[in-house]
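If you're matching them up, the sequences are chains V and Y in order. Residue 194 in numbering that gives the first Met the number 0 sits at position 195 of the first sequence; the count goes up by one each step and never skips. Residue 27 in numbering that gives the first Met the number 0 sits at position 28 of the second sequence; the count goes up by one each step and never skips. Written below as structure tokens is the structure these notes are about.
Number of protein chains: 2
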Amino acid sequence: MKYQEMQKSELSTILIKEKERYENFKSLGLNLDMSRGKPCKEQLDLSMGLLDEINSVMELGKIDPRNYGGVDGLFEAKKLFGELMGVSPEEIIVGDNSSLNLMYDSIMRYYCFGVLGSSPWSEIHNRKWICVVPGYDRHFAVTEEFGFESVTVNMLEDGPDMDKIEELVADESVKGIWCVPKYSNPEGKTFSDEVVKRFARLKPAAKDFRIFWDNAYGVHDIAENGDVLLNLVTEAKNAGNPNIVLMFGSTSKISFAGAGISYLCASKENIDDIKKRMSIQTIGPNKINQLAHVRYFKSVDNILLHMKKHAQILRPKFYTVLSILKEELQDLGICDWHNPKGGYFVSVDVLPGTAKRTVELAKGVGVIFTPAGSTYPKKQDPFDSNLRIAPSLPPVKELETAMRVFACATKIAAIEKLLAE
Amino acid sequence: MKYQEMQKSELSTILIKEKERYENFKSLGLNLDMSRGKPCKEQLDLSMGLLDEINSVMELGKIDPRNYGGVDGLFEAKKLFGELMGVSPEEIIVGDNSSLNLMYDSIMRYYCFGVLGSSPWSEIHNRKWICVVPGYDRHFAVTEEFGFESVTVNMLEDGPDMDKIEELVADESVKGIWCVPKYSNPEGKTFSDEVVKRFARLKPAAKDFRIFWDNAYGVHDIAENGDVLLNLVTEAKNAGNPNIVLMFGSTSKISFAGAGISYLCASKENIDDIKKRMSIQTIGPNKINQLAHVRYFKSVDNILLHMKKHAQILRPKFYTVLSILKEELQDLGICDWHNPKGGYFVSVDVLPGTAKRTVELAKGVGVIFTPAGSTYPKKQDPFDSNLRIAPSLPPVKELETAMRVFACATKIAAIEKLLAE
């Protein structure tokens, strides 16, 4: 029965019970952090063989990877990870471990120098950026840092609200959009073919409009039959719109979160433009690490096999989160969520107006969740409803406790609100 | 006897001889590149033990270096390389392999966001930057990229012309200066204590003026008794001017040019400001590589010992360059150079108006030198005189041939010029 349909006296009885439970949690002296999508130790252990490769013979063709050169990465890395991302070696730049850094630098370059000859974005007053919500806080922070006004567009079941986006891009001061198209952060939804095709056909008023397509979870299935995403670089090319997209990815959640490699994929024209600027910025990425990745993974098939091992580790964790949500919170009318088939997060919408209180209550017993609001620009969720759960890092045992705390906190916060109305 | 004092007929005779020699070189079908200061294979081999360290146990204190976190680098790396650079762990940020990237990003941040609350440099019309000449082309390219007008100051025997610098900084639109204070690129000169102290006491009109102090060759002695450089971060602090300097360094020429680590040292106030911006830009550097560097080098003493091995490899190469210069070009009045005690380059001033022709002649027989003009902003040497020789990469045997070609080309170019006058 939904909380909303209960008598206040019934709710008060439940509140007393949940508060007893809460005091119990408090007495346990918990110290659990559920806030960031960090891989767990077992996942990091999967790639230790990569480090063996670093120490094998270092000569590869004519390039000594220990020396200077190759601003856009080792050719072999461009080939393998280009194949993984569905682009040719001339449509990819392979960088160091942070794809966020590649995205930031791409915004920075366009901000300082413009896009393929256009005016620098710094000169556009009232510059705007489309942010799909709920979304990834670090994306929003980058465009906020560069003075973009965030215009929000809701995520629907099959991707963002494309009607709204097509309307917004008629404004020339709208310069781009952040997307996590597969296993979106935080909801774990994947954009449908139709949505990708509409992105490919997008005709923004601004010629320098760019889709920042962060395919962070492109091979990160958890379910046996994962989602399938169309390749926007290819679709955009086919739609005669080749320059509209920059696609990003990394091995942060394939090999090592803190020592992987990252890549930027785009049309040759975009890549050449970016490479020209990069040759002023840097002497190039760590090629030994790129070589080790190439030697260790060898082929796209091996990468996909490797990802199945990650899935085996993550599956019981996601199961724990989703089954406790179902057991404790289904049908109460105070909570909603999507069952993702991959990615790193479970997104939960609690009763509007109670997300902050829920996180605060959990913190009160030593369980840290991502701060309420983080999935919105400026960390302001207008509904105070969306919360992001990151199941990857904690062991299943801790995850169980954390989710019991989450359920208890969600209920207390909801009842407090309903009783006060 | 100086060429300038010879009869034209004598010069013509020498020219005929040198041209015969030139044709001989041509017949050898040479293919030598002397243009970039890349370490040679033997130098890179010195650090292969570093790669063993990568594969040892990865846990270090509470941080798993394989995972996310630590935007400013691993604490242990900040400690060791801070000690090497003469700063505390809170005065250093340790990044990935390219210190050029740290410098570029520092300019970029001040350009986009300003310095400790000042107006962004992008908003300063007619912004200017002091470039010590001859200097490092990649430095000049960065400030040129961001629209700074380069104001040149000559390098004297004990450092740049400080009188001129003190005069220039009275202009508020002058925002900074590039320096390579030890074994300067290209001349291999080291700034005297007095010059460093004058930098420390500098009182620019612009509060957001910054000295970009690229201590790239801080431990790169070649001679037994190398030069000694005062620490500008310390001197500036003592002079009550702590925020004026950003000091840079890297292991590019200690461990691997393409896979080392780099560092930015500055006052805590500067570092905190930069870290705040960096936390938006990146999830942090490759900590496994930083850990490997810490484990392999262990102490500053070990780094200095390691550098002695580099010196052993480089000494015969520099000796070859300098002895051939002396043997062939001394006392002809057409060539001047400085004997460096360390660093990566030998800088040669040929007869004004002949540098381009000298490089062209060498190229004609298959020997590539750094393009004439590279040591000046916009690659324009007003005297067409300065040339940079990079002895590190080629084997001694090739270096000998390349330097004979250089001497021959220098003479031909000089005589051609003198005969035409």
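Note that beta-carbon positions come from the ideal geometry of N, C-alpha and C, so glycine has one too. What you are looking at is a predicted structure, and each value in this text was computed from that prediction instead of being measured.
Under the Cβ criterion of 8 Å, S97/V is counted among the residues facing chain Y. Taking 8 Å as the cut-off, the Cβ atoms of Y262/Y and T281/V do not count as close.
Comparing alpha-carbon positions, the option among L201/V, L328/V, P376/V, L313/V lying closest to K40/V turns out to be L313/V. Within the region 139–165 of chain Y, A140, V141, E144, F145 place their CB atoms closer than 8 Å to a CB of chain V, listed in sequence order.
Nearest neighbour of V93/Y by Cα position, chosen from F368/Y, E359/Y, V218/Y, A265/Y, turns out to be A265/Y. Runs of beta strand (DSSP E) with 3 or more residues, each lying fully within the region 191–256 of chain Y, are found at 209–213, 244–249, listed in chain order.
For the region 102–130 of chain Y, the residues whose beta carbon sits under 7 Å from a beta carbon of chain V are, in order, Y103, M107, Y110, C111, S121. Separation of the CB atoms of F317/V and P390/V is rounded to 6 Å, and the pair is thereby assigned contact status at 8 Å. Look at the region 391–411 of chain V: it has no residue with a C-beta under 7 Å from a C-beta of chain Y. Put simply, the CB of Q280/V is near chain Y, with a gap under 8 Å to one of its CB atoms. Its Cα nearest to that of V194/Y, the residue I164/Y stands out among L99/Y, I221/Y, I164/Y. In this structure, the beta-carbon distance from V141/V to I367/Y does not fall below 8 Å. Distance between A256/V and A199/V, taken at the CA atoms: about 30 Å. In the structure shown, the three-state DSSP call for M154/V is strand.
For N214/V, the closest Cβ of chain Y is not nearer than 8 Å.
For R35/Y, the chain V residues whose Cβ falls inside 8 Å of its Cβ are Y67, in order along the chain. For E122/Y, the closest of I129/Y, A401/Y, L79/Y, F147/Y by C-alpha to C-alpha distance is F147/Y. With a cut-off of 8 Å on Cβ pairs, the region 321–330 of chain Y is not in contact with the region 151–170 of chain Y, counting fewer than three such pairs.
Separation of V227/V and D213/V (C-alpha to C-alpha, rounded to the nearest whole angstrom) is 15 Å. Within 7 Å of the CB of G72/V, no CB atom of chain Y is found; the nearest one sits about 11 Å away. The three-state secondary structure of D170/Y, taken from DSSP, is coil.
Taking a contact to require three or more Cβ pairs closer than 8 Å, the region 376–383 of chain V and the region 288–304 of chain V do not qualify as touching. Pairwise C-beta distances place the region 18–37 of chain Y in contact with the region 351–368 of chain Y, as three or more of them are shorter than 8 Å. Between A361/Y and A408/Y, the gap from beta carbon to beta carbon is short of 8 Å. The region 216–233 of chain Y and the region 8–15 of chain Y do not touch, with fewer than 3 CB-CB distances between them shorter than 8 Å. In the structure shown, the three-state DSSP call for I302/V is helix.
When rounded, the separation of the alpha-carbon atoms in H138/V and W177/V is 7 Å. Contact annotation for N288/V against chain Y: A258, N285, I287, N288 [CB-CB distance below 9 Å, chain order]. Residues of the region 185–215 of chain V with a Cβ closer than 9 Å to any Cβ of chain Y: none. The continuous alpha helix (DSSP H) containing V358/V extends over residues 354–363.
Rounded to whole angstroms, the separation of the alpha carbons of G248/Y and H219/Y is 11 Å. Counting C-beta pairs with one atom in each stretch, the region 175–191 of chain V and the region 336–346 of chain V have three or more that are closer than 8 Å, which means they touch. Closer than 8 Å to the CB of P38/V there is at least one CB belonging to chain Y.
Close to L43/Y, with beta-carbon spacing below 9 Å, are these residues of chain V in chain order: M57, D63, R65, N66. Shown here, S346/Y sits in a strand according to DSSP, grouped into three states.
Per DSSP, the continuous alpha helix (DSSP H) segment holding D104/Y begins and ends at 98–112.
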